[in-house]
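Before any comments, here is the structure.
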Amino acid sequence: MKKIITMTMVAALSIAMLTGCGNKKITGSVSTDGSTSMEKVIGALGEAFQNDSGINFTYNPTGSGSGIKAVQEGRCDIGLSSRDLKDEEKASGLKGTVLAYDGIAIIVNPENPVSDLSVETIAKIYTGEITNWSEIGGNDAEIVLIGREAGSGTRDGFESITDTEEVCKYRQELTSTGDVITTVAQNPGAIGYASVASVKDTVKAVAVDGVAPTEATIKDGSYVVQRPFVLVTKADSDLSEAAQKFFDYITSDDANEIISEAGVVSAN
Amino acid sequence: MKKNQILEKVIHGIFLFLGLITVDCVLMITVYLVISGIPAIFEIGPVDFLFGKEWASTAAEPKYGILPFILTSIYGTAGAIVIGVPIGFMTAIYLSKLASPKVKSAMQSAVSLLAGIPSVVYGLVGMLVLVPGIRKIFNVPDGASLLAAVIVLAIMILPSIIKMSITALDAVPKEYEDASLALGATPIETYFKVSVPAAKSGIAAAVVLGVGRAIGEAMAVMMVAGNVPNMPDSLFQSVRFLTTAVSSEMAYSSGLQQQALFSIALVLFLFIMLINAILNFFLKREKE
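Respectively, the protein sequence lines represent chains W and V.
Each residue of the first sequence is one higher than the one before, counting from 346 in this note's numbering.
Each residue of the second sequence is one higher than the one before, counting from 69 in this note's numbering.
Set out below in structure tokens:
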């Protein structure tokens with residue numbers, strides 16, 4: 346008797362599962378490849394998407410250049426780039442869609458009277474041309490340069506925007522945004538950089554060229570220490586069904602919350 | 069009877085197997101480090117790698133010289149020993165010979181507690197108290213420096229030095245000291261001229277153990293040393309240790325950079341093997 350009941354139940358379950366599969370559901374997978382700086386945001390989006398839709402999501406952190414090449418060669422569905430596409434890349438049949446903007450705040454100690462710097466001044470500070478705050482209207486104190494470790498996305502972004510790659514004369518290279526903020530909060534002579542979303546009251550974010558870093562100024566481009574997070578696709582051919590669904594999802598309003606939780610400003 | 073013998077054999081087998089797990093781990097790690105560490109050394113060139121003064125792993129023309137890291141690790145460890153050993157050694161003499169039982173048990177539990185504090189806590193306290201303190205006391209622009217790392221390391225190695233020295237001093241036969249006292253030597257004379265020489269192998273082992281602990285520490289020094297790959301020319305310079313060189317760049321590394329990090333780990337591993345060999349030498353001598 347017991348056996349019969351079990352068998353019936355198994356049969357019923359199998360049928361239920363079969364009909365489940367019969368529903369119009371997209372299967373397949375989405376592969377993304379590119380910028381290591383986008384790891385946090387694309388990871389969060391991918392996870393949410395995978396839970397929602399059951400479509401498999403993969404992300405290969407190789408760097409913006411490799412990601413763009415991967416799309417060109419058809420090795421992935423969507424490429425991830427933390428810079429705008431170059432003209433020759435666009436000419437080769439690629440299309441860029443801005444997903445979000447990553448704003449980098451220049452932070453100083455709250456005791457520091459300096460509250461506005463130009464990009465050139467920031468570059469001069471970080472390359473060691475300006476070494477004392479008194480040269481730019483601050484107290485007579487040596488400038489202490491706080492940065493991130495080689496390979497960090499924030500460092501890469503900061504150095505490429507200020508055009509100071511490989512020439513920054515750091516006093517400290519710390520391995521997390523939190524460490525940078527703590528260190529700047531403690532040293533009246535320190536200057537550092539950190540993702541805008543993670544800046545706290547313990548430090549002061551200076552205006553750059555007179556523009557304070559806020560969500561609005563980052564979005565409209567007037568705050569210049571920022572870079573776009575770009576989704577790279579082929580202009581002439583369509584995405585696979587699964588990839589298109591992912592693309593639509595992450596560029597929709599539903600994804601905004603996840604994007605801002607990852608510390609960047611959504612482009613929508 | 070037979071059944072018992074079989075059971076014995078089975079249990080022997082289980083113990084042997086469990087013992088082999090440790091040995092296997094050591095072998096696997098060694099083989100893995102050698103296999104993944106050697107290629108980069110030869111690609112960069114052993115001389116350029118070990119004696120190059122510049123480390124710029126992500127530059128357009130990368131440079132992989134680890135001399136700054138090697139010297140920093142050596143200086144940092146030496147500094148920690150210079151500060152930590154006298155303090156630890158004197159504490160051990162006091163606890164082993166002079167302290168009353170009550171004081172001894174209270175202080176020994178304090179020492180054990182110090183040993184149990186996680187290194188990230190040392191780093192955090194160092195970052196929040198020591199680094200600003202050095203900046204103010206010495207009036208330098210920034211306190212994250214070789215000096216800060218040396219002080220943190222000196223405190224971290226105290227427990228191993230104290231505990232090991234106490235064990236060595238306690239093991240000195242009472243008759244030696246009694247004989248010295250009977251000849252008219254004061255207690256302090258006796259401790260320094262009889263007890264300490266009799267325990268010298270054990271104390272030397274304690275120092276070597278401290279060296280091993282200091283050279284292998286990563287987390288705490290990463291938070292206070294500043295991590296810039298400078299040559300350690302001054303106590304107030306921001307420096308990077310062998311350990312922190314590996315841990316700070318590993319997360320984002322790729323290609324030759326990653327291989328070079330394994331090579332650094334291999335160099336560190338060789339240092340620690342050397343220290344262990346020295347430690348074994350002293351421990352063996354003490355037994356004899």
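The beta-carbon is built from N, C-alpha and C at its ideal position, and this holds for glycine as well.
Note that the structure is predicted; figures quoted are calculated from it, not measured.
For V/GLN73 and V/PHE85, the gap between their C-alpha atoms comes out near 18 Å. By the Cβ criterion, the region 392 to 401 of chain W is not in contact with the region 434 to 446 of chain W, since fewer than three pairs of Cβ atoms, one from each stretch, lie closer than 8 Å. Per DSSP, V/ASP210 lies in no beta strand (DSSP E) segment and is marked neither H nor E. Around W/ALA495, the beta-carbon contacts reaching into chain V at under 7 Å are SER125, THR126, GLU317. The beta carbon of W/LYS469 is closer than 6 Å to those of ILE475 in its chain, skipping five residues each way along the sequence.
Around the beta carbon of V/TYR100, fewer than 16 other beta carbons lie within 10 angstroms, which makes this residue exposed. Along the region 185 to 198 of chain V, the positions whose C-beta sits under 8 Å from a C-beta of chain W are MET195, LEU196, read in chain order.
Pairing V/ILE332 with V/ILE134 gives a Cβ-Cβ distance under 9 Å. Flagged as an interface residue toward chain V: W/TYR515, by a C-beta distance shorter than 9 Å. Taking the CA atoms as reference points, W/VAL529 sits about 6 Å from W/VAL453. In the DSSP assignment, W/ARG572 forms a beta bridge with W/ASP447.
The region 455 to 469 of chain W makes contact with the region 545 to 555 of chain W, as at least three CB pairs between them are under 8 Å. Cβ-Cβ distances below 6 Å link V/ALA217 to GLY144, VAL289, VAL292, ALA293 in the same chain, with the five nearest sequence neighbours on each side left out; the list follows chain order. Selection W/SER427, W/ASP378, W/ALA612 evaluated against W/CYS421 yields W/ASP378 as nearest (Cα-Cα). Linking W/ASP501 to V/ASN207 through their CA atoms gives a straight-line distance of about 32 Å. Counting only the Cα atoms, V/TYR132 lies some 7 Å from V/ILE112.
Along the region 515 to 537 of chain W, the positions whose C-beta sits under 8 Å from a C-beta of chain V are TYR515, ARG516, GLN517, GLU518, LEU519, THR520, ASP524, THR527, THR528, GLN531, ASN532, GLY534, ALA535, read in chain order. By the Cβ rule, the region 161 to 174 of chain V does not count as touching the region 197 to 204 of chain V, because fewer than three pairs are nearer than 8 Å. Contact annotation: W/ASN405 and W/ALA415 have beta-carbon atoms nearer than 9 Å.
Taking the beta carbon of V/ALA288 as reference, no residue of chain W falls within 8 Å; the closest one sits roughly 13 Å away. Sorting W/VAL541, W/ALA389, W/ALA587 by C-alpha distance to the C-alpha of W/ILE603 places W/ALA389 at the top. V/SER104 carries a helical assignment under DSSP once its states are collapsed to helix, strand and coil. At a cut-off of 9 Å between beta-carbon atoms, V/VAL296 makes contact with chain W. Three or more Cβ pairs drawn from the region 219 to 228 of chain V and the region 140 to 158 of chain V lie within less than 8 Å of each other, which places the two stretches in contact. For V/SER302, the nearest beta carbon of chain W is not closer than 9 Å to its own beta carbon.
A straight-line Cα-Cα distance of about 26 Å links V/ILE103 and W/GLU494.
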